[in-house]
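Reviewing the structure listed below.
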Amino acid sequence: MTMNSGDTAWVLASTALVLLMTPGLAFFYGGMTKAKSTLNMMMMSFAAIAIVSVLWVLFGFSLAFGNSGSGLYGKFDLSGLGSAVNELTNNGGVYGIPLLAFAGFQLMFAVITPALISGAIADRAKFLTWGIFVALWVTLVYFPVAHWVFDFGDKDADGNITGAGWLAARGVEDFAGGTAVHINAGAAGLALAIVLGRRIGFKKHPSRPHNLPFVLLGAGLLWFGWFGFNAGSALGANGQAALALMNTQVATAAAVAGWLLVEKIRDGHATSLGAASGAIAGLVAITPACAFLAPWASVLLGVIAGVICSLAVGLKYKLNFDDSLDVVGVHMIGGLVGCLFIGFFGTSFTTGSGDSAYTWGVNGLFYGGGWNLLGTQALGAFSVLAYSFVVTLILGYLLEKTLGFRISRDAELEGIDLTEHAETAYELEGNSGGGFGGLPKAEKKRITTTEEAGVSV
Amino acid sequence: MKLVTAIIKPFKLDDVKAALEAYGIDGMTVSEASGYGRQRGHTEVYRGAEYNVDLVPKVRLEVLVDDADSESVVEVIVKSAQTGRIGDGKVWTVPVETVARVRTGERGSGAL
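In order, the protein sequence lines correspond to chains A and B. In short: position in the first sequence from 1, add 21, done, that's our numbering. In short: position in the second sequence from 1, add 164, done, that's our numbering.
Written as structure tokens, this is what we have:
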């Protein structure tokens, strides 16, 4: 196998597409928070880019995709990517793309997953503690779980495979991260929402989204980037990538319709927040399934995800946990819907012919494959859910008891943007402190007497 | 002199301003305000959760007039701001002791 420039170009482009999802997420979440906490919300995403990227080249890639012979984690070692510049990707088979392209592509998944969690703890998390949490969480949770699901092992010249993740080896079908990314982030979000507790005024004085156009902008950027996320996961410019892309589009479109339908029937109005949320629910649900479904089945999955997630986001008020921006309702539930749906409607596809034929996927229940696939999917989904929830809960409580995770009551009321970052997102002071007559602080003289004011009375 | 204060629907401001100009009023002060009357606020729904918006946006318009004009000015504002639907607002007058023009120091009616 030699390097294939077409495949490589697509994976490189997909890497950039997936990176864009994290700033997109920052807008999606940032628009949903209060005006006084939007910068902190967006900063949590940007901090994830900074922290995870560095850890990835140090040891993250090795811990996720190294070969230790264990199905539970990769290798405890430096990633050593510099010496791998001439290597091809070997992940259950050799791909004609450089290992570094694969490493860069997978990095973006590691970046966005902790960023997704931040939506559960809007308005109230100490920024330093968040940064430390991200570093520890990707090390203890994301890198190992990525190994479970995404590492198909090294295939040697004789066709023997070693070092595959334990879920990948059992045939769990998760094409682009329904388990490792979405269920993982959703379960962690639930744990952190419990650790940090409810915001002041939860249920009594609900905070409404301060900028819905931001939410729609973010949803648009996420949708755009998601083509790299899903179709890029084919690791090549081929029929599998095209199938993933088409399924991503139709499932998302159907989920928007499903969510809006629920709103129209239940509340009387179809909302812009509902459209944006439906899009994300559909994208999440199709993520594990995008290469294993026929497009018509993707439409069905999209509608189901839109309807179920739109109902699931109300649960936090009944169960009394403040998952502020519905990470659980959209990502955990959407991820579960997508993963389990494969068990019913998953099927197998073949591209090429003769020696170059490539077949992937197995038949689910409705394609005559019996209950096996559904069982495997449930194992994958719930093992990731349980591991992520438990480890995050412990990690969260440890940080809360040592560094403190939640900001003070006064800081929360004042606004976390000001207290944690010494910034505010918007100039809202009107003519007293803004564009009119505002002098730099040093030049502004406080006038205390009538003489200083040039007036004699 | 009287101070006429009107709380009106924001989109009626242009109509009221034009009507007052036509009547011969030379100046006014306008500020954004929020509040509620018998209309109360309204309800918005985000991801299925209801939010009651108690205070709705209004425009507050203030005009200083001679005593003789005050009734007619109230009349002009009421007519031009009216839509006939709930939430049209209120107009009231209060007596004013003195008025000074900052530029010249004039007092009283001359300063209007």
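In this text, a Cβ means the ideal position worked out from N, Cα and C, and glycines have one as well. Just so you know, these numbers come straight off a predicted model, no measurement behind them.
Three-state class that DSSP yields for residue i in the structure shown
i: A:G458; result: In this prediction, A:G458 has a pLDDT of 47, which is less than 50 and means its spatial position is unreliable; what the coordinates show is noted afterwards. Note: A:G458 maps to coil in three-state DSSP.
i: A:D98; result: coil
i: A:T175; result: Going by the sequence as given, residue 175 of chain A is Asp instead of Thr. Three-state DSSP puts A:D175 in a strand.
i: B:E270; result: coil
i: B:R265; result: coil
i: B:M165; result: coil
i: B:R249; result: coil
i: B:K243; result: helix
i: A:R219; result: coil
i: B:Y215; result: strand
i: B:E185; result: helix
i: B:K176; result: helix
i: A:F313; result: coil
i: B:V255; result: strand
i: A:V106; result: coil
i: B:G225; result: Rather than Gly, the amino acid found at residue 225 of chain B in this sequence is Leu. In this structure, B:L225 counts as strand in the three-state DSSP scheme.
i: A:S453; result: Unreliable positioning characterises A:S453 in this predicted model, as indicated by a pLDDT of 49, which lies under 50. The coordinate reading is nonetheless provided below. Reduced to three states, the DSSP call for A:S453 is helix.
i: A:T380; result: strand
i: A:G90; result: coil
i: A:F196; result: coil
i: B:A170; result: strand
i: A:V115; result: strand
Assigned exposure category for residue i - 16 Cβ within 10 Å defines buried
i: A:A30; result: exposed
i: A:S319; result: buried
i: A:E284; result: buried
i: A:M63; result: buried
i: A:F130; result: buried
i: A:A378; result: exposed
i: A:L337; result: Reading off the sequence, residue 337 of chain A comes out as Lys, not Leu. Classification for A:K337: buried.
i: A:W158; result: buried
i: B:Y210; result: buried
i: A:N341; result: exposed
i: A:E435; result: exposed
i: A:K224; result: exposed
i: A:R220; result: buried
i: A:T59; result: buried
i: B:I250; result: exposed
i: A:T380; result: exposed
i: A:Q261; result: buried
i: A:M22; result: exposed
i: A:N251; result: buried
Host beta strand (DSSP E) of residue i (start-end)
i: B:H206; result: H206 to Y210
i: A:P227; result: Unbroken run through A:P227: none, as it is neither H nor E.
i: A:L109; result: L109 to N111
i: A:P44; result: Where A:P44 is concerned, there is no enclosing beta strand (DSSP E), although the alpha helix (DSSP H) it sits in stretches over S26 to M53.
i: A:W244; result: No beta strand (DSSP E) contains A:W244, which is instead part of the alpha helix (DSSP H) from L233 to A252.
i: A:W151; result: Element bounds for A:W151: not the beta strand (DSSP E) but the alpha helix (DSSP H), F148 to W158.
i: A:G125; result: Per DSSP, A:G125 belongs to no beta strand (DSSP E); it is in the alpha helix (DSSP H), L120 to I138.
i: A:F370; result: F370 to T372
Rounded distance between the beta-carbons of residue j and residue i, thought under 8 Å
i: A:L211; j: A:V349; result: 5 Å
i: A:A312; j: A:A255; result: 7 Å
i: B:V227; j: B:L184; result: 7 Å
i: A:A297; j: A:L281; result: With a Cβ gap of about 11 Å, A:A297 and A:L281 do not count as contacting.
i: A:D177; j: A:N88; result: Their Cβ separation, rounded to whole angstroms, is 11 Å, which puts A:D177 and A:N88 out of contact at 8 Å.
i: A:E441; j: A:F148; result: 5 Å
i: B:L219; j: B:G199; result: 6 Å
Run of the alpha helix (DSSP H) containing residue i, from where it starts to where it stops
i: A:P316; result: P316 to A333
i: A:I354; result: I354 to F366
i: A:T423; result: N393 to T423
i: A:E433; result: R430 to E435
i: B:G199; result: Where B:G199 is concerned, there is no enclosing alpha helix (DSSP H), although the beta strand (DSSP E) it sits in stretches over T193 to G199.
i: A:G260; result: G260 to R287
i: A:T200; result: Note, A:T200: premise wrong, no alpha helix (DSSP H); not H, not E.
i: A:T59; result: T59 to L76
i: A:L188; result: W187 to A190
i: A:L79; result: No alpha helix (DSSP H) holds A:L79; DSSP gives it neither H nor E.
Near the ligand COA: residue i beta-carbon under 7 Å from a heavy atom
i: A:S35; result: Absence of the ligand COA is noted for the structure shown, with no ligands found whatsoever.
Decide if the segment 383-395 of chain A is in contact with the segment 123-142 of chain A; the criterion is three or more beta carbon pairs, one per stretch, under 8 Å apart. no
Do the segment 400-416 of chain A and the segment 156-175 of chain A meet, that is, are 3 or more Cβ pairs less than 8 Å apart? yes
Contact the segment 302-309 of chain A vs the segment 271-279 of chain A: 3+ CB pairs below 8 Å: yes
Taking contact to mean 3 or more Cβ pairs, one atom from each stretch, closer than 8 Å, check whether the segment 138-155 of chain A and the segment 415-435 of chain A are in contact. yes
Does the segment 236-245 of chain A come within contact of the segment 94-104 of chain A, defined as at least 3 CB pairs closer than 8 Å? no
Assess, as a yes-or-no matter, whether the segment 226-243 of chain B is touched by the segment 346-365 of chain A under the definition of 3 or more beta carbon pairs within less than 8 Å. No: the two stretches stay apart, fewer than three of their Cβ pairs being nearer than 8 Å.
Pair every Cβ in the segment 392-407 of chain A with every Cβ in the segment 364-371 of chain A, then say whether three or more of these pairs are closer than 8 Å. yes
Taking contact to mean at least 3 C-beta pairs separated by less than 8 Å, is the segment 401-410 of chain A in contact with the segment 106-122 of chain A? no
So, does the segment 185-204 of chain B touch the segment 256-270 of chain B, judging by three or more C-beta pairs under 8 Å? no
Inter-stretch contact (C-beta, 8 Å, three-pair minimum) for the segment 37-47 of chain A and the segment 131-140 of chain A: yes
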